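S.K.: Sharing a structure with you now.
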Amino acid sequence: MKPFIYSRAHQVPDAIRRLAVADRPVPIAGGTNLLDLMKERVVLPTRLLDINGLPLDEIRDLDDGGLRLGALSRNEDTADHPLVKARYPLLAKAILSGASVQIRNMATNGGNLMQRTRCPYFYDVNMPCNKRTPGSGCGALHGYNRMHAILGTSGECIATHPSDMCVALAALEAVVIVLGPEGERRIPFDQFHRLPGDTPQFDNTLSVDELIVAIDLPPKGYAGHYSYLKVRDRRSYAFALVSAAVGIELTDGVITRARIALGGVAHKPWRDPEAEASLVGHAPGDDAFENAASLLLRGAQGCGFNDFKIELSRRVIRRALDEACSSSLTPA
Amino acid sequence: MSQTTDDPKTAGLAWHEVKLHLNGEERTFRIQPWTTLLDLLREHAGCTGAKKGCDHGQCGACTVLVNGRSINSCLTLAVMQDGAEITTIEGLARGDELDPLQQAFIDHDAFQCGFCTPGQICSAKALLAKGGAITDDEIRESMSGNLCRCGAYPNIVAAIRAAAVSLESRE
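First to last, the sequence lines map onto chains S and V. Its first residue numbered 8, the first sequence is counted upward by one per residue in our numbering. Its first residue numbered 419, the second sequence is counted upward by one per residue in our numbering.
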């Protein structure tokens, strides 16, 4: 690794103060993605600020019936937490379908949101990549793009966001709590990650002087009817080709509320409110599911090697909806 | 605790003092901040059991236990683990008496070249520490972060299952 200056922060205000200077350090929590990127020389920070000592690892009830996930709670602890398992089994299942035990033991909730794409052109510093080196081009667009995005792409970038946890958080309509010099901001999950457009170097809307302190889950957890369906090249420890997080509310056999988020297909977890609304008032069934899938996949476009993802997504959506609408599932 | 790390102005590219409870022993190391825990173990502590396979968290050969939990020691900085309790494969046996998992790996022929074995056993140790009955599918899922290029997987699963059963019968 390229040498850097290391320091620690023990209090949140101290960390915010240290991020407010021009020569600001890069925060490090679990480090599972950042250190890997540093070894590959994709990112070369001159300063690291170890934030593991900040008191941000608690998981606690919110007054509105929701749940607050501390930014520094480890992914494995979050998935294992009794309140998460009981009330948000969709989230627990999504987290446990990502990475390996060892990585989940280190990786934090905030860090999960901040992880970078695993696009091989982004990772290889000898390749063009607009995300890594703006203006250098996109190697994936006409390259080997089997893992790449089919929705919300631009001519500059077709990378996907690799997280499973974030797909569930999108479906659950979580809120990201961030702190900066100006105070606290609450960012609806859908507005946290962004599409590449002509500035793919920005993965999200977090400012460089802000820190994620928590993720708030709304009261609705869809514990009765949910699904996290992930299709990948091997059964475990692989990124999604396509994944779907689904939460459903059923009343007297009719869908009264639906949330669907897709992973592995875009620069951010992909939702479409019209697709979700189309299910309301219908009994679960092939026609309703197919219609929702068509709406969700409006505008989907492959780049060659990833063309198969369009039909795969359609099938994953239908199967996940079917699974979620079927009788209550046991918690993850 | 580290001496110089709290003041960003003086932290500089300094050497950092890191204290670890390593395999039951209090040890102090002077290292540079970009030293991974794996490099500290192998290059500074003389514990070469944990292996550098991929150095990217993909193979699990570097798996050790930090405060009882399995992690990839290649994906954490040693300086971030100051004060932690670290157990490597070298710390599992009691004198000449092997850990039940080590014995089970021998009994079930759960390795060929042995390169991945220290990581496999550390992952299995963390898995069994959780207690309770465990299915073969759960073993496979929990061990998916440990690759074995020799393909000894069936025997690895058998060894862990046997160790789990004997652990349960003793409880």
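Every residue gets a Cβ at the ideal spot worked out from N, C-alpha and C, and that includes glycine. Computed from a prediction, not measured in an experiment: that's the story for all the values here.
(1) Could you check if V/N590 is buried or exposed, using at least 16 other CB atoms within 10 Å of its CB as the buried criterion?
(2) Does any CB atom of chain S fall closer than 8 Å to the CB of V/P518?
(3) Considering just the uninterrupted stretch of the alpha helix (DSSP H) at S/Y128, what are its terminal residues?
(4) Measuring alpha carbon to alpha carbon, tell me which residue in V/N441, V/A577, V/C534, V/D473 is nearest V/A522.
(5) Please identify the residue among S/G292, S/D216, S/E47 whose C-alpha is closest to the C-alpha of S/Y130.
(6) Does any CB atom of chain V fall closer than 8 Å to the CB of S/T212?
(7) Quick one, are the C-beta atoms of V/H439 and V/V497 less than 8 Å apart?
(8) What are the start and end residues of the beta strand (DSSP E) that includes S/V182?
(9) Cutting at 8 Å between CB atoms, please list the residues of its own chain near S/R325, excluding the five before and the five after it.
(10) S/Q122: buried (16+ other C-beta within 10 angstroms of its C-beta) or exposed?
(11) Name, please, each residue of chain S whose Cβ falls closer than 9 Å to the Cβ of V/T494.
(12) Rounded to a whole number of angstroms, what is the C-alpha to C-alpha distance between S/Y95 and S/A230?
(13) What did DSSP end up calling S/D210 once you bin it into helix, strand or coil?
(14) Taking 8 Å as the cut-off, decide whether the C-beta atoms of S/D171 and S/G270 are in contact.
(15) May I ask whether a heavy atom of the ligand MN can be found less than 7 Å away from the beta carbon of S/I102?
(16) List, in chain order, every chain V residue whose beta-carbon is nearer than 7 Å to that of S/D57.
(17) On the DSSP letters alone, give me the boundaries of the alpha helix (DSSP H) that S/R325 sits inside.
(18) Whose Cβ in chain S lies nearer than 8 Å to the Cβ of V/T481?
(19) Could one say the Cβ of V/P451 lies closer than 8 Å to chain S's Cβ atoms, at least one of them?
(20) Is it buried or exposed, V/G569, if we count other Cβ atoms within 10 angstroms and call 16 or more buried?
(21) Hey, does V/D554 have any beta-carbon neighbour from chain S nearer than 8 Å?
(22) With 8 Å as the limit, tell me which residues of the stretch 186-217 of chain S have their beta carbon closer than that to any beta carbon of chain V; keep them in chain order.
(23) Compare the C-alpha of V/I507 against each of V/C566, V/L456, V/V575, V/S584 and name the closest.
(24) Taking the C-alpha atoms as reference points, what is the distance between S/G306 and S/L51?
(25) Specify, as a first and last residue, the run of the beta strand (DSSP E) that V/N490 falls within.
(26) Over what stretch of residues does the alpha helix (DSSP H) that includes S/K237 continue unbroken?
(27) Spatial neighbours of S/G144 within its chain, please: C-beta separation below 8 Å, excluding the five flanking residues on both sides.
(28) Please report how far the alpha carbon of S/L176 lies from the alpha carbon of S/L98, in whole angstroms.
(29) Quick check on V/I489 - is its C-beta less than 8 Å from some C-beta in chain S?
(30) In terms of alpha-carbon separation, which member of S/H155, S/A247, S/G77 lies closest to S/D68?
(31) Can you have a look at S/R266 and say buried or exposed, based on whether 16 or more other CB atoms are within 10 angstroms of its CB?
(32) Run through DSSP, which three-state label would S/T167 get?
(33) With a cut-off of 8 Å, does the C-beta of S/K46 fall near any C-beta of chain V?
(34) Apart from the five residues just before and just after V/S420, which ones in its own chain have a Cβ nearer than 7 Å to its Cβ?
(35) Cβ atoms of S/P226 and S/D71: under 8 Å apart, would you say?
(36) Rounded to whole angstroms, what's the CA-CA distance from S/H274 to S/I66? Just pull it up for me.
M.R.: In terms of the structure at hand:
(1) Any property of residue 590 of chain V remains undetermined from this structure, which presents chain V solely from 419 to 589.
(2) Counting from 1 along the second sequence, the entry for residue 518 of chain V is found at position 100. With 8 Å as the cut-off, V/P518 does not count as an interface residue toward chain S.
(3) Stepping through the first sequence from its first residue, residue 128 of chain S is reached at position 121. Segment 127-130, the alpha helix (DSSP H) holding S/Y128.
(4) Within the second sequence, numbered from 1, the residue matching residue 522 of chain V stands at position 104. When each option's Cα is compared against that of V/A522, the closest is V/A577.
(5) In the first sequence, residue 130 of chain S corresponds to position 123, counting from 1. Ranking the options by Cα distance to S/Y130, first place goes to S/E47.
(6) Here residue 212 of chain S refers to the residue found at position 205 when the first sequence is read from its first residue. No - not a single Cβ of chain V is within 8 Å of the one on S/T212.
(7) Within the second sequence, residue 439 of chain V is the residue found at index 21, counting from 1. Within the second sequence, residue 497 of chain V is the residue found at index 79, counting from 1. Contact: no.
(8) One-based indexing of the first sequence puts residue 182 of chain S at position 175. S/V182 -> beta strand (DSSP E) spans 182-187.
(9) Here residue 325 of chain S refers to the residue found at position 318 when the first sequence is read from its first residue. If we look at S/R325 and ignore the five residues flanking it on each side, its Cβ neighbours are D293, F296, E297, A300.
(10) On the first sequence, position 115 is the one that residue 122 of chain S refers to. Classification of S/Q122: buried, given that the 10 Å Cβ count is 16 or more.
(11) What you label residue 494 of chain V is simply residue 76 of the second sequence in a count that begins at 1. G37, G38, T39, L42, M113, listed in chain order.
(12) Locating residue 95 of chain S in the first sequence gives position 88, counting from the first residue. Locating residue 230 of chain S in the first sequence gives position 223, counting from the first residue. Spanning the two alpha carbons is a distance of roughly 6 Å.
(13) Translated into the one-based positions of the first sequence, residue 210 of chain S becomes position 203. Of the three classes helix, strand and coil, the one that applies to S/D210 here is coil, per DSSP.
(14) Your numbering for residue 171 of chain S matches position 164 in the first sequence. Your numbering for residue 270 of chain S matches position 263 in the first sequence. Yes. Within cutoff.
(15) Looking at this structure, you won't find the ligand MN or any other ligand, since it has none at all.
(16) Start at 1 with the first residue of the first sequence, and residue 57 of chain S comes out as number 50. Near S/D57 (Cβ distances below 7 Å), the residues of chain V are M498.
(17) Residue mapping note: residue 325 of chain S aligns to position 318 of the first sequence, counting from 1. Note, S/R325: alpha helix (DSSP H), 315-332.
(18) For this step, residue 481 of chain V is matched to residue 63 along the second sequence. Within chain S, the residues near V/T481 are Q109.
(19) Counting from 1 along the second sequence, the entry for residue 451 of chain V is found at position 33. With 8 Å as the cut-off, V/P451 counts as an interface residue toward chain S.
(20) One-based indexing of the second sequence puts residue 569 of chain V at position 151. Its Cβ having fewer than 16 others within 10 Å, V/G569 is exposed.
(21) Counted from its first residue, the second sequence places residue 554 of chain V at position 136. For V/D554, the answer is no, since every Cβ of chain S falls outside 8 Å of its Cβ.
(22) none
(23) As a first step, residue 507 of chain V must be located in the second sequence, where it is residue number 89. When each option's Cα is compared against that of V/I507, the closest is V/L456.
(24) Here residue 306 of chain S refers to the residue found at position 299 when the first sequence is read from its first residue. Here residue 51 of chain S refers to the residue found at position 44 when the first sequence is read from its first residue. Going by the C-alpha atoms only, they are around 37 Å apart.
(25) Within the second sequence, the letter at position 72 stands for residue 490 of chain V. Unbroken beta strand (DSSP E) run through V/N490: 487-490.
(26) Along the first sequence, one-based indexing puts residue 237 of chain S at 230. Taken as a continuous stretch (DSSP letters only), S/K237 belongs to no alpha helix (DSSP H), being part of the beta strand (DSSP E) at 233-238.
(27) Working through the first sequence from its first residue, we reach residue 144 of chain S at position 137. Excluding positions up to five away in sequence, the list reads P135, C136, N137.
(28) If you number the first sequence from 1, residue 176 of chain S lands on position 169. If you number the first sequence from 1, residue 98 of chain S lands on position 91. Approximately 7 Å between the Cα atoms of the pair.
(29) Against the second sequence, residue 489 of chain V aligns to sequence position 71. Chain S contact via Cβ: present.
(30) In the first sequence, the residue the question calls residue 68 of chain S occupies position 61. Here the closest residue by C-alpha is S/G77.
(31) Numbered from its first residue, the first sequence carries residue 266 of chain S at position 259. Looking at its Cβ environment, which holds 16 or more other Cβ atoms inside 10 Å, S/R266 is buried.
(32) Working through the first sequence from its first residue, we reach residue 167 of chain S at position 160. Three-state DSSP puts S/T167 in coil, outside helix and strand.
(33) Locating residue 46 of chain S in the first sequence gives position 39, where the first residue counts as 1. For S/K46, the answer is yes, since a Cβ of chain V falls inside 8 Å of its Cβ.
(34) Against the second sequence, residue 420 of chain V aligns to sequence position 2. Bear in mind that the predicted position of V/S420 carries a pLDDT of just 43, short of 50, making it too unreliable to give a figure here.
(35) The count along the first sequence starts at 1 and reaches residue 71 of chain S at position 64. The count along the first sequence starts at 1 and reaches residue 226 of chain S at position 219. For S/D71 and S/P226, yes; Cβs fall inside 8 Å.
(36) In the first sequence, counting from the first residue as 1, residue 274 of chain S sits at position 267. In the first sequence, counting from the first residue as 1, residue 66 of chain S sits at position 59. Their backbone Cα atoms lie some 28 Å apart in a straight line.
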